[in-house]
Amino acid sequence: MRIESQRLDLHNKFIMDYQKEVKDLLAHFEYNPYDENVFKERKKDLKEQQFQRNALADVLYSINRRWSATEATFENIERLRDENSVVVIGGQQAGMLTGPLYTINKIVSIIALAKQQEEILGVPVLPVFWIAGEDHDFAEVNHIFLPEETELRKYPIEDHHKERTSVSKRTLNKELTYRWLKTTFRSLKETAYTKELFQTLYDKLMKANTFVDFFASFIHEIFADTGLILVDSGDNEVRQLESAYFYEMIEKQPEISRNVYRSLQSIRTKGYHVSVDANEQDGHLFVEQEGERILLQKDGQNWIGKNNECQYSNQELLEIAKETPERLSNNVVTRPLMQEKLFPTLAFFAGPSEAAYWSLLKDAFHSISLKMPPVLPRVSLTLVDEKLLKVLSKYNIDPSSAIDNGVQTQKINWLSAQANSPVEEMTIQLKEAIKLGHQPLKEVTNDLTADVTQYADKNLQLLLQQVDKLSMRIHKEFSKKYQRQLTEFDYIQVHLKPDNGLQERVWNITYFLNLYGFEWFKQINNYSFDWKKQHYIVYL
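For what it's worth, my numbering labels the leading residue of the sequence shown as 9, then goes sequentially.
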């Protein structure tokens with residue numbers, strides 16, 4: 009295996025300016041993550057905050073045991089009881105078979121920084137991954153994409169729960185999921201690892217009760233012995249720990265909502281796009297009613313469902329926080345606040361969109377007497393297998409260029425170069441010659457009626473169109489002749505620039521585990537990735 013860092017040609021103004029340390033943007037954050045002493049400063053600031061370390065460790069032990077974590081995870085959970093310990097954290101939804109590769113990349117980022125900072129700071133630095141199990145948008149997590157020749161095919165799984173049921177509460181239909189698993193594996197190439205991988209997933213499926221259980225146990229298999237700690241935001245045991253924090257957020261809602269709204273206006277006036285909408289009436293909390301999550305808004309002293317599904321007085325909602333906190337859950341604004349109440353966070357790893365909406369939260373953190381942790385853009389990895397590398401080498405295509413721009417231009421140029429005569433140039437020359445030869449006839453019509461002049465113009469256009477048709481027919485025949493080679497360009501495109509985006513946005517780790525097993529990933533887990541270098545190419 010070979011791993012190389014690579015700078016991406018970013019088109020995201022927010023991330024570009026964040027990395028450039030633009031002051032106007034960094035003013036929306038508590039810390040400059042690129043400052044040399046940022047983690048020492050953050051460690052010192054955390055001393056001012058109290059945490060339910062023992063109670064949290066007990067809950068983490070219980071849920072990670074359910075997900076078959078290794079001993080290294082339980083050792084780290086015990087270390088969380090140490091008053092000096094801190095965590096590096098990030099989160100994502102519970103996708104099928106771990107979801108898109110960016111979930112894997114985020115965990116890789118967390119583990120690498122935790123190892124590095126433990127050596128530097130001399131205190132326990134624990135890797136934690138926050139599973140957004142409370143989320144109910146099942147359509148975002150109910151599928152994976154796998155390659156089918158030069159395209160990616162979507163494999164969705166059915167589910168019969170109510171639309172707004174959180175993923176943590178969605179029990180698995182094991183027979184249905186087993187059939188889905190068999191269908192997806194039929195699309196994979198049979199390798200020396202296929203049967204073992206399928207059996208591993210089957211065993212985990214049989215032990216899982218929910219989609220989150222299935223996700224978490226597979227994550228623990230991939231990251232075995234790294235000490236990774238998983239937490240499910242939708243777990244009932246976790247909810248009990250959050251009771252007082254929900255109470256505080258309900259009481260401080262006017263201030264939280266006002267600060268988020270003002271920050272949103274400020275960041276937009278500076279020219280940055282944030283994919284979050286907010287106003288001062290937003291409650292930024294959900295309540296569960298009849299098995300579904302209802303987004304709440306504030307109306308005077310009352311909390312009402314966004315679509316008038318329910319209504320609670322402020323006191324009634326406070327009682328729910330106190331007596332049945334498992335009925336409450338967070339949205340994108342309050343989830344970070346809850347995370348910081350629970351964990352002593354040294355650093356938070358974010359994807360590009362996450363980093364943007366965290367820019368709204370600095371004053372919201374202050375509303376509940378917290379400082380926002382350093383926000384770090386996660387590492388991005390692109391995986392290149394042996395077959396892909398051979399095709400890239402065959403056409404002398406730089407992988408970095410293909411990742412940045414795709415290979416459609418090279419594909420067209422290569423095809424044009426196969427012609428004995430320059431078809432494009434000949435087409436242009438012929439059209440110019442037709443225009444020149446047609447001009448005397450057009451000039452004759454100037455002394456005739458307008459309709460004859462128009463007819464002459466139309467006649468010229470028809471002649472030029474016929475030339476274009478001939479040129480297109482020649483290209484079509486060339487495409488047929490060189491179909492195999494053109495397919496190889498498409499193969500590169502779908503691996504390195506699928507849907508004109510990064511591989512990590514669409515591809516799933518299962519494809520690569522099927523080709524190479526689990527051993528290669530241990531090298532990934534042991535590699536010292538530097539989050540400041542942004543992107544790495546991993547040659548398998």
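No residue lacks a Cβ here, since even glycine has one placed at the ideal position from N, Cα and C. Please read all numbers here as calculations on a predicted model, not as lab measurements.
Identify every residue that forms a DSSP beta bridge with ALA63. Looking at the DSSP output, ALA63 bridges to nothing.
Three-state secondary structure (DSSP) at GLY103? It is coil, neither helix nor strand.
Residue interval of the beta strand (DSSP E) (run including VAL30): First-last for VAL30: undefined, no H or E at that position.
Roughly how many angstroms separate the alpha carbons of LEU34 and THR332, rounded to a whole number? Whole-angstrom Cα-Cα distance: 39 Å.
Hey, out of LYS114, ILE112, ASN72 and LEU134, whose CA is closest to VAL95's CA? Taking each of LYS114, ILE112, ASN72 and LEU134 in turn and checking the Cα distance to VAL95, the smallest one comes out for LEU134.
With a Cβ-Cβ cutoff of 8 Å, do VAL399 and ILE545 count as a contact? Taking 8 Å as the Cβ cut-off, VAL399 and ILE545 do not qualify as a contacting pair.
GLN248 versus TYR42 - alpha carbon distance: Spanning the two alpha carbons is a distance of roughly 36 Å.
Under the assumption that THR390 contacts ILE411 (Cβ atoms under 8 Å), give the Cβ distance between them as a whole number of angstroms. For THR390 against ILE411, the beta-carbon gap comes to about 6 Å, under 8 Å, which counts as contact.
Run through DSSP, which three-state label would PRO360 get? In this structure, PRO360 counts as helix in the three-state DSSP scheme.
Beta-ladder partner(s) of LEU303, from DSSP: PHE294.
Could you tell me if MET346 is buried or exposed, where buried requires 16 or more neighbouring beta carbons within 10 angstroms of its beta carbon? Buried, by the Cβ-count rule.
I'd like the span of the beta strand (DSSP E) that includes GLU12, first residue to last. Residue range 10-13 is occupied by the beta strand (DSSP E) that includes GLU12.
Grouping DSSP H, G and I as helix and E and B as strand, with all else coil, what is ASN138? In the sequence as presented, Asn is not what sits at residue 138; that position holds Trp. Residue state, collapsed to three classes: strand.
Contact defined as beta carbons within less than 8 Å: I believe ILE227 pairs with THR106. What is the distance between those atoms, to the nearest angstrom? Between THR106 and ILE227 the Cβ distance is about 6 Å, and since that is below 8 Å, they are a contact.
Across which residues does DSSP place VAL546 in a beta bridge pair? Paired residues: ILE11 and LEU391.
In chain order, what residues of the same chain have a beta carbon less than 6 Å from the beta carbon of GLU12, not counting five sequence neighbours either side? Within the same chain, GLU12 has close Cβ partners ILE545.
Under the three-state reduction of DSSP, which class applies to GLY445: helix, strand or coil? GLY445: helix per DSSP, three-state reduction.
Does the count of Cβ pairs from the stretch 340-357 and the stretch 48-55 closer than 8 Å reach three? Segments in contact, yes.
Proximal residues to ASP507 (C-beta, below 7 Å), its chain only, five neighbours per side dropped: VAL514.
N- and C-terminal bounds of the beta strand (DSSP E) containing LEU180: That residue, LEU180, is in no beta strand (DSSP E); it is neither H nor E in DSSP.
Quick one: residues in its chain with C-beta nearer than 8 Å to the C-beta of LEU384, no 5 flanking neighbours on either side, listed in chain order? Cβ within range, chain order: PRO41, SER117, LEU121, ALA355, PHE356, PHE357, ALA358 and TRP539.
Confirm, please, whether the CB-CB distance from TYR210 to GLY525 is below 8 Å. No, they are not a contact pair.
Span separating the alpha-carbon of GLU440 from that of GLU157: So the two alpha carbons sit approximately 41 Å from each other.
Mind checking MET24: buried by the 16 CB within 10 Å criterion, or exposed? An exposed status is given to MET24, since fewer than 16 other beta-carbon atoms sit within 10 Å of its beta-carbon.
Give me the residue from VAL136, GLN125 and PRO132 with the minimum Cα distance to ILE115. Looking at the Cα atoms, VAL136 is the closest of the given residues.
Alpha helix (DSSP H) segment containing PRO407, residue limits: In this chain, the alpha helix (DSSP H) harbouring PRO407 covers 407-413.
Express the C-alpha separation of SER176 and HIS169 in angstroms, rounding to a whole number. Near 12 Å, if we compare the C-alpha coordinates of SER176 and HIS169.
Beta-carbon proximity list for CYS318, same chain, < 6 Å, skipping 5 on both sides: Cβ neighbours of CYS318 beyond the five flanking positions: GLN297 and ILE302.
Over the uninterrupted beta strand (DSSP E) stretch that includes PHE153, give me the two end residues. Counted as a single uninterrupted DSSP element, the beta strand (DSSP E) harbouring PHE153 occupies residues 151-156.
Comparing C-alpha positions only, which one of LYS349, GLY242 and ASN244 sits nearest to GLU256? Checking every option, the nearest Cα to that of GLU256 belongs to LYS349.
Does the count of Cβ pairs from the stretch 314-330 and the stretch 357-372 closer than 8 Å reach three? Result no; under three Cβ-Cβ pairs closer than 8 Å.
Please determine, among TRP422, ASN310, PHE37 and GLY98, the residue with the shortest C-alpha to C-alpha distance to PRO262. It is ASN310 whose Cα lies nearest to the Cα of PRO262.
Do ASP240 and GLY103 have their CB atoms nearer than 8 Å? Not in contact: ASP240 and GLY103 (Cβ atoms no closer than 8 Å).
Which value, in whole angstroms, describes the spacing of the CA atoms of TYR280 and ARG270? Straight-line measurement puts the Cα of ARG270 at about 14 Å from the Cα of TYR280.
Can you tell me whether TYR463 is buried or exposed? The criterion is at least 16 other CB atoms within 10 Å of its CB, across all chains shown. By the Cβ neighbour-count rule, TYR463 is exposed, with fewer than 16 other Cβ atoms within 10 Å of its own.
Please confirm whether HIS19 and ILE275 have their CB atoms less than 8 Å apart. No. Outside cutoff.
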